[in-house]
Amino acid sequence: MRKILMRVFTVASLLFMEERRCEGFSVPMFFVSEMHGLVVKIAKNLILAGVKSGTLHDEGILELWDLSSNFVLSENDLLEVFLAVFYNFGPEFTVFDVDGEKPHTGIVSSISNDNLALVLCVGDERLEFLYWDLVFSRVKGITEVKDGKTRKIKNARQYPFNLEDTTSFATYEKGGIVTQAKHPKVLNCKPLREGTEDPGEFIWSDFSKFNRQPLLHLAFQALDKLVSGIGRFPVVGSEEDAQRTKTITALCLWSQGCIESYGSYFYFDSVESLPTANLDPSDFEPLNSRYDEQISVFGSKLQRKLEDADLFVVGSGALGCESLKTSALMGVSCGERGRLALTDDDVIEKNNLSRQFLFRDWNMGQVKSVVAASAAALIYPHLMIEAWQNRVSPETENVFDETFWEHLTAVVIALN
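Pasting the structure below:
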């Protein structure tokens, strides 16, 4: 328990890295509960962005299979408390940056004096202003648009766009920069009970699965009701439990009513990742290993293939660190015949620390691949990893020769 709290308090000490973007976190307290893998990843991203403080809570006991998705814990922490993150932003939460993107800009080439003013910008790059408000600066002539006030786009197109009536404005001469203006947005979040009954509009991640989100919402409700009713999760491969879930889903659909208001539910699925072959139910039975959660989804045969994989990861920056973390958690290249080769010829700089979580302050100036390999091995010591410092290029074909390539299971390109 003390180890976990020490880690959390260390995390809590990483305060605002971008005070303006994180201002919303300084008003409400956040509540953290049940630290499973997905929420740990969300918490990691929030910590790298800058957080303030909150309340930590969990009543669960760490199990061996938790280690397949939780990179902050190790086998030394077994039988201790673990945590997860849940944020309740309340009825009025102000978002100061609604999309997290750098404001779009354009170089002005002309502004007409019309009832619906036409603004032209130079360059071939597509403008992405859409319906944002804009601020003009460094314009010669037409002094009225240089007052620092935001102006609303009337009609956005690929390159030009229209503004309000400028017939009474001075004549445009030359120059000017137009910049997207972002305004704070207040979100009214529902309590969990109300949001479950009326989720409103879903947040989408894959528009090819347009009808999937409402079904997943009902499925998760059915799963919760089933667990509450029988006191356990459904058994993998059990037809009886599957039929129970279907029945409860139908009842949830009947009681759902109309979905009208805006909501904040987000669901993600990757059904296409499931095995296509018909597997025996015994292939999904737990083995009392750290991979039991994965085995319950993909089966033990695939797990053995992952453990014996010969993987080559090119790059150990932000993408490479994510790949290494995931590989170590899933047991990729952790078997007797497994191997993970990592190469990167770059060294760690200070600006890497905000997005590459395997690196620390004291690693600055050290080789990325060596530090990343050591950190990944701490997540799971059985990871068969070796670090290289060579760039993959025609000049290193004597290092990465045919013998090296022909035995690989997969290559992960993790370059910026």
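Residue numbers (mature numbering (1 follows the signal peptide of the UniProt record, and there is no 0)): -24 to -1, 1 to 392.
Yeah, the Cβ is synthetic: ideal placement off N, Cα and C, and Gly gets one too.
On a predicted model such as this, the values are computed, not experimentally measured, just so you know.
Between residue i and residue j, how many whole angstroms is the CB-CB distance? I'm expecting something under 8 Å.
i           : j           : result
residue 198 : residue 138 : In fact, because the Cβ distance is near 50 Å, the residues do not count as touching under 8 Å.
residue 77  : residue 164 : Incorrect: roughly 24 Å between the Cβ atoms, too far for contact.
residue 111 : residue 152 : Rounded, the Cβ-Cβ distance is 11 Å, inconsistent with contact.
residue 393 : residue 368 : This structure cannot settle anything about residue 393, because the visible part of the chain is limited to -24 through 392.
residue 118 : residue 146 : 5 Å
residue 89  : residue 143 : 5 Å
residue 320 : residue 292 : 4 Å
residue 332 : residue 386 : At roughly 22 Å, the Cβ-Cβ gap does not stay under 8 Å, so residue 332 and residue 386 are not in contact.
residue 191 : residue 136 : Incorrect: roughly 43 Å between the Cβ atoms, too far for contact.
Near residue i, which residues of its chain fall below 8 Å by C-beta distance, leaving aside the five closest residues on each side in sequence?
i           : result
residue 251 : 274, 275 and 278
residue 236 : At residue 236 the pLDDT is 34, less than 50, meaning the model places this residue with poor confidence and gives no usable figure here.
residue 362 : 315, 316, 317, 318 and 349
residue 299 : 289, 388 and 390
residue 272 : 212, 260 and 262
residue 375 : 364 and 366
residue 187 : none
residue 150 : 116 and 117
residue 141 : 90, 91, 92 and 93
residue 373 : none
Which residue or residues does DSSP assign as beta-bridge partners of residue i?
i           : result
residue 71  : 161
residue 117 : 148
residue 392 : DSSP lists no partner for residue 392.
residue 131 : 138
residue 94  : 138
residue 364 : 319
residue 288 : 317 and 387
residue 110 : 127 and 156
residue 178 : Paired residues: none, contrary to the question.
Following the continuous beta strand (DSSP E) through residue i, name the residue where it begins and the one where it ends.
i          : result
residue 86 : 81 to 87
Quick one: what's got a C-beta closer than 7 Å to residue i's C-beta in the same chain, skipping five residues either side?
i           : result
residue 215 : none
residue 351 : 334
residue 283 : 307, 310, 311 and 314
residue 209 : 203
residue 346 : 363
residue 217 : 210 and 211
residue 193 : 175, 241 and 243
residue 322 : 344
residue 238 : Low per-residue confidence applies at residue 238: pLDDT is 39, beneath 50, and the placement is therefore not dependable, though the value from the model is reported in the following sentence. Counting only Cβ-Cβ distances below 7 Å, and skipping sequence neighbours, we find 176 and 177.
residue 231 : Any answer about residue 231 is weak, because its pLDDT of 40 lies below 50 and its placement is not dependable; what the coordinates show is given next. Here the set comprises nothing.
Apart from the five residues on each side of it in sequence, which residues of its chain come closer than 6 Å, Cβ to Cβ, to residue i?
i           : result
residue 324 : 335, 339, 340, 342 and 344
residue 161 : 71 and 74
residue 383 : 286
residue 255 : 275
residue 79  : 155 and 156
residue 304 : 352, 355, 356 and 359
residue 98  : 83 and 85
residue 109 : 126, 128 and 157
residue 379 : none
residue 113 : 153
Over what stretch of residues does the alpha helix (DSSP H) that includes residue i continue unbroken?
i           : result
residue 194 : 188 to 206
residue 171 : 168 to 173
residue 268 : 268 to 274
residue 380 : 378 to 382
Given the structure, does residue i come close to the ligand SAM, in the sense that its CB is under 7 Å from one of the ligand's heavy atoms?
i           : result
residue 263 : Annotation note on the ligand SAM: not contained in the displayed structure, which lists no ligands.
Whole beta strand (DSSP E) runs in the region 305 to 361 with 3 or more residues, listed along the chain? 315 to 319
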